[in-house]
Every structure is written in C-alpha cells, then in structure tokens.
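Data first, discussion second: the structure below is written as structure tokens.
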Amino acid sequence: MRIGPLTVDPPVVLAPMAGVTNVAFRTLCRRFSEQRCLYVSEMITARSFAMGHEKTLRLAAFGPEEPIRSIQLYGTHPESLAAAVRVLRDEWQVDHIDMNFGCPVRKVTANGGGSAIPARPRLMARLVRAVVDHAGDIPVTVKFRVGIDDDVTTYLDAGHVAQEEGCAAVALHARTAAQLYNGDADWSKIAELKAHVTEIPVLGNGDVFEAFDALRMMRATGCDGVVVGRGCLGRPWLFAELVSAFDGQEPADPPRLGRIVEIAIEHADLLIEQFGERTAMHHMRKFSGWYLKSFPGVRSQMPALHRVSTRAELVELLRALDPEHEFPPAALRARRAKTGRTQRVALPDGYLDDRDTDRPPRDDPFEVDALSGG
C-alpha cells in the first residue's frame with residue numbers, strides 16, 4: 001500500500017492513541033515488526049504545538065529508530081493547523097500527517113472537534129485544505145468515524161471531502177461516536193466507504209485483535225489496509241504476528257508470562273528514557289494491567305502494580321509472577337479500553353442546526369487529554 005510517496009508494507013498502521021503511542025510504545029512495536037508497518041504518534045493539539053508548549057513538544061517527539069516520522073494533529077481552526085504544519089514541515093521534517101476527525105471524547109466533541117467536525121463537511125474541507133496546502137510533499141491522511149450516532153452518519157461525506165481536498169488516504173473506525181468502543185465494529189461501513197472513495201487508499205479500523213482479523217477485514221471489505229488500536233495494548237508483539245500473516249506465514253504462538261514480563265520491563269525502560277522514572281511509572285500502572293490481562297494468579301499483584309512508583313519496585317513485582325504461565329486464550333480478544341457503554345455525544349449548542357457552515361467553533365483548544373485518535 002502506498003500513502004503518497006510512502007510504501008507501507010504490510011498495509012498495517014498503528015492507531016494514534018493518547019497516552020499510549022508515544023516514542024516508547026512505537027519503538028517497541030516497531031522492533032517486533034522488524035521496522036515494517038506505519039506507526040503514528042499520539043494526538044497532538046495543533047495550537048499548543050505551534051506555540052511551542054513544552055508538554056506538547058515532548059509528546060510529539062520522535063525517536064532515533066523511527067524511519068518514518070508520522071504525527072496526528074487535532075485542531076478546529078485552519079490558522080492553528082496551518083501554523084503547526086509549517087513547523088512540522090520546516091523544522092521537524094515529518095514524513096506523514098494524520099488529521100483527527102474521529103475522537104469521541106466528550107471534551108473534544110463539546111468544542112466541535114474530533115468526530116463532530118465531519119458533521120460540517122464544508123468546515124472539514126476548510127481544515128483539510130489548510131493542512132494539505134501547507135504540507136508540501138508530505139502526505140496527509142484523515143481518520144474519522146461512521147458519524148455522530150445512527151441518525152447522523154458522516155463517513156461517506158467525510159471520505160469524499162478528503163479525496164477532493166487532496167488527502168493521500170482515509171481511515172474509518174467503523175463505529176459512531178455515540179458507540180465509543182461498545183459493541184462490534186460494523187465492517188460493512190468500511191466496504192461502503194471503499195466503494196465510495198475510489199481514488200485513494202481506504203483503511204479499516206475496529207476489532208482487529210488477532211492477525212487474521214486484519215486479513216478477514218480486507219477480504220470482507222476490500223479495504224487497502226488496516227489500522228490497529230486497542231488490540232495491541234499490552235500486546236506489541238501483535239505487529240510481528242501481523243507481518244507473518246501478511247507474508248503468508250503462520251504467526252508464532254503468543255509469549256509466555258516470563259517473556260511478557262521482560263517486554264513490559266523493556267517498555268518501562270523506553271518510557272524512562274522519554275519521560276523520566278516518575279512519569280514512566282504512571283504510564284506503567286495502566287500498561288501493567290494490559291500486559292497481564294486474563295492471566296491467572298495475577299489479581300493479587302494488581303493493587304501494588306497500580307501504585308508502583310519506581311523501576312525497581314515494578315521489576316520486583318513483575319518478576320515475582322510465574323514465568324511459565326502460557327498466554328491465556330481469553331486474553332486474545334479481551335477488551336483493553338472502557339467498553340460496555342454508549343454515550344449521548346456532547347456538541348456545542350446548535351451545532352447540528354447549521355451543518356452547511358465552514359465556520360470553526362468559537363474556541364480553539366490549546367491542550368486536550370483524550371483517549372484516542374478516533
């Protein structure tokens with residue numbers, strides 16, 4: 001699969017996830033895939049990046065092992081997006097820019113951002129144009145959802161806008177914003193988008209938990225590639241399995257607990273390099289739960305792991321676990337984010353009353369901590 005000048009082989013992309021897809025996690029996943037696939041940064045707010053906000057710059061950082069510098073931008077105003085893109089183009093030499101039109105988190109949509117934007121196609125077109133016009137030769141992609149809810153679907157219009165405004169590819173998370181991560185992704189919507197968008201690659205996202213899910217999605221929908229999100233949380237070796245599957249080989253068996261413990265420690269060390277020990281351990285509190293998901297006999301250790309504050313403490317707790325435990329089959333498809341609920345999507349007052357406007361929302365967000373890039 002080609003995204004502009006970039007070759008993505010196999011056609012697998014790591015989904016942007018805030019608080020997850022930082023340099024450390026991207027590096028770990030890339031090591032498992034032998035430097036193949038495409039790995040996108042966590043969501044970066046355009047305005048704070050353009051203003052040089054220290055925290056945002058740290059989140060946007062790239063590592064020395066990253067051959068393709070891929071970043072996801074979030075913004076609701078064309079001026080802020082254009083300013084951020086100029087910096088990314090001239091000073092950061094990025095290779096790929098993804099735009100966030102899929103985040104369902106309340107404080108994002110309440111500002112008219114994320115998955116709210118495609119409900120106003122002319123506004124979406126204006127935002128995409130601002131990025132494409134300033135990106136030069138850098139390929140621009142967009143990621144979006146099926147719509148606000150079952151009554152307000154936007155994915156076909158969003159795909160058309162992206163194609164017409166010069167995007168290099170589109171990615172659809174086959175759920176609405178109201179669904180969050182509840183229920184099954186509706187892959188038929190990916191097939192419909194693929195039939196509607198014919199000039200650029202269409203990638204599918206949603207419920208890729210095992211390598212063969214990716215192959216099934218592509219066969220069922222005709223999509224050109226897949227975006228992997230929650231399925232790789234605590235399972236960075238999923239990218240090795242995906243590479244094997246796309247190469248026509250049988251993926252290796254999942255690792256035993258002892259190997260997973262060493263992977264988690266490697267992850268912690270990469271986080272320490274990026275953020276320092278204190279912040280790294282805050283990250284590992286949530287990642288420990290994902291790495292140990294569904295393993296028997298670990299529940300008694302979880303309270304201590306959720307309070308861990310030093311590397312030494314983390315290593316001691318993890319290495320006390322039985323290394324011979326086999327990977328539990330239930331963990332393959334275990335949900336690794338908040339599920340089991342839907343939401344009423346928060347939007348600015350009267351937002352859906354004037355869907356034909358290209359005016360951005362009143363407030364341009366400075367910094368947003370969200371769950372995912374869509």
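Under the working numbering, the residues of the sequence shown are numbered 1 to 374, in order.
Positions of the beta carbon are idealized from the N, C-alpha and C atoms, including for glycine.
Next on the checklist: Measuring only the C-alpha atoms, how far is glycine 147 from valine 131?
Outcome noted: Looking up residue 147 in the sequence shown gives position 147. Looking up residue 131 in the sequence shown gives position 131. Distance between the alpha carbons of glycine 147 and valine 131: 22 Å.
Item to check | C-beta atoms of phenylalanine 327 and proline 254 nearer than 8 Å | outcome: Looking up residue 327 in the sequence shown gives position 327. Looking up residue 254 in the sequence shown gives position 254. Against a cut-off of 8 Å, the Cβ pair of proline 254 and phenylalanine 327 comes out as a contact.
Checklist entry - Does DSSP put phenylalanine 327 in a helix, a strand or coil? => result Locating residue 327 in the sequence shown gives position 327, where the first residue counts as 1. Under the three-state reduction of DSSP, phenylalanine 327 is assigned to coil, being neither helix nor strand.
Item to check | Where serine 115 falls, given that 16 or more other Cβ within 10 Å makes a residue buried | outcome: Position 115 of the sequence shown, counting from 1, holds the residue named residue 115. It counts as buried.
Checklist entry - Mapping DSSP to helix, strand and coil, what is glycine 136? => result Here residue 136 refers to the residue found at position 136 of the sequence shown. Glycine 136: coil per DSSP, three-state reduction.
Item to check | Between the CA atoms of tryptophan 187 and glutamate 273 - distance to the nearest angstrom | outcome: Stepping through the sequence shown from its first residue, residue 273 is reached at position 273. Stepping through the sequence shown from its first residue, residue 187 is reached at position 187. Whole-angstrom Cα-Cα distance: 39 Å.
Next on the checklist: Starting from leucine 265, trace the alpha helix (DSSP H) in both directions and tell me its first and last residue.
Outcome noted: Stepping through the sequence shown from its first residue, residue 265 is reached at position 265. Position check: residue 265 holds isoleucine in this sequence, whereas leucine was assumed. Start and end: 257 to 275.
Checklist entry - DSSP beta-bridge partners for arginine 148? => result The count along the sequence shown starts at 1 and reaches residue 148 at position 148. A small correction: the amino acid at residue 148 is isoleucine; arginine does not occupy that position in the sequence shown. Bridge partners of isoleucine 148: none, in fact.
Checklist entry - Are lysine 293 and alanine 331 closer than 8 Å when you measure CB to CB? => result Your numbering for residue 293 matches position 293 in the sequence shown. Your numbering for residue 331 matches position 331 in the sequence shown. The answer is yes: Cβ separation under 8 Å.
Next on the checklist: Taking a contact to mean a Cβ-Cβ separation below 8 Å, would you say valine 87 touches leucine 233 in this structure?
Outcome noted: The count along the sequence shown starts at 1 and reaches residue 87 at position 87. The count along the sequence shown starts at 1 and reaches residue 233 at position 233. Not closer than 8 Å, so no.
Next on the checklist: I need the boundaries of the beta strand (DSSP E) containing alanine 171, first residue and last residue.
Outcome noted: Position 171 of the sequence shown, counting from 1, holds the residue named residue 171. Its beta strand (DSSP E) spans residues 169 to 173.
Checklist entry - In its own chain, which residues sit with a C-beta less than 8 Å from the C-beta of glutamate 250, not counting the 5 before and 5 after it? => result For the purposes of this step, residue 250 is taken as residue 250 along the sequence shown, with counting starting at 1. Taken in chain order, the residues that qualify are Ser244.
Checklist entry - Given that a residue counts as buried once 16 or more other Cβ atoms are within 10 Å of its Cβ, and exposed if not, what is histidine 423? => result One cannot answer for residue 423 here, as it falls past the ends of the chain, which runs 1 to 374.
Checklist entry - Is there contact between the region 167 to 177 and the region 136 to 151, where contact requires at least three CB pairs shorter than 8 Å? => result yes
Next on the checklist: One question on the structure: do arginine 333 and valine 308 come within less than 8 Å of each other, judged by their Cβ atoms?
Outcome noted: As a first step, residue 333 is located in the sequence shown; it is residue number 333 there, counting from the start. As a first step, residue 308 is located in the sequence shown; it is residue number 308 there, counting from the start. Contact: no.
Next on the checklist: Considering Cα atoms alone, identify which of Phe295, Asp90, Ile200 and Leu57 is closest to glutamate 42.
Outcome noted: Translated into the one-based positions of the sequence shown, residue 42 becomes position 42. Checking every option, the nearest Cα to that of glutamate 42 belongs to Leu57.
Checklist entry - Is alanine 370 buried or exposed, if buried means 16 or more other CB atoms sit within 10 Å of its CB? => result For the purposes of this step, residue 370 is taken as residue 370 along the sequence shown, with counting starting at 1. The predicted model places alanine 370 with a pLDDT of 46, which falls under 50 and marks its position as unreliable, so this point remains unresolved.
Item to check | Whole-angstrom distance between arginine 129 and glycine 376, CA atom to CA atom | outcome: Outside the shown range of the chain (1 to 374) lies residue 376, about which nothing can therefore be said.
Checklist entry - Which word fits alanine 60, buried or exposed, when buried means at least 16 other C-beta atoms lie within 10 angstroms of its C-beta? => result Here the question's residue 60 lines up with position 60 in the sequence shown. Result: buried.
Checklist entry - Looking only at C-alpha atoms, which of Ile97, Leu352 and Pro78 sits nearest to threonine 141? => result Here residue 141 is taken as the residue at index 141 of the sequence shown, counted from 1. The shortest Cα separation from threonine 141 among Ile97, Leu352 and Pro78 belongs to Ile97.
Checklist entry - Given that a residue counts as buried once 16 or more other Cβ atoms are within 10 Å of its Cβ, and exposed if not, what is glutamine 72? => result As a working mapping, residue 72 is identified with position 72 in the sequence shown. When all chains shown are included, glutamine 72 counts as buried.
Checklist entry - Excluding sequence positions up to five away, which residues of its chain have a Cβ less than 6 Å from the Cβ of arginine 106? => result Looking up residue 106 in the sequence shown gives position 106. Cβ neighbours of arginine 106 beyond the five flanking positions: Ala346.
Item to check | Span separating the alpha-carbon of glycine 229 from that of alanine 264 | outcome: Walking along the sequence shown from the start, residue 229 turns up at place 229. Walking along the sequence shown from the start, residue 264 turns up at place 264. The straight-line gap from Cα to Cα measures roughly 18 Å.
Item to check | Beta-carbon gap between leucine 270 and alanine 24 smaller than 8 Å | outcome: To locate residue 270, count along the sequence shown from 1; it is residue 270. To locate residue 24, count along the sequence shown from 1; it is residue 24. It is a contact, given that the beta carbons lie within the stated cut-off.
Checklist entry - Which one or two residues does DSSP pair with histidine 96 in a beta bridge? => result Position 96 of the sequence shown holds residue 96. When DSSP reads this structure, histidine 96 sits in a beta bridge with Ser70.
Next on the checklist: To the nearest angstrom, how far is the alpha carbon of histidine 134 from that of aspartate 95?
Outcome noted: If you number the sequence shown from 1, residue 134 lands on position 134. If you number the sequence shown from 1, residue 95 lands on position 95. Between histidine 134 and aspartate 95, the C-alpha separation is close to 13 Å.
Item to check | lysine 143 vs alanine 125 beta-carbon contact at 8 Å | outcome: Position 143 of the sequence shown, counting from 1, holds the residue named residue 143. Position 125 of the sequence shown, counting from 1, holds the residue named residue 125. No, the Cβ-Cβ distance between lysine 143 and alanine 125 is not below 8 Å.
Checklist entry - Looking at the structure shown, is leucine 59 part of a helix, part of a strand, or coil, going by DSSP? => result Reading the sequence shown from its first residue, position 59 is the one you call residue 59. Reduced to three states, the DSSP call for leucine 59 is helix.
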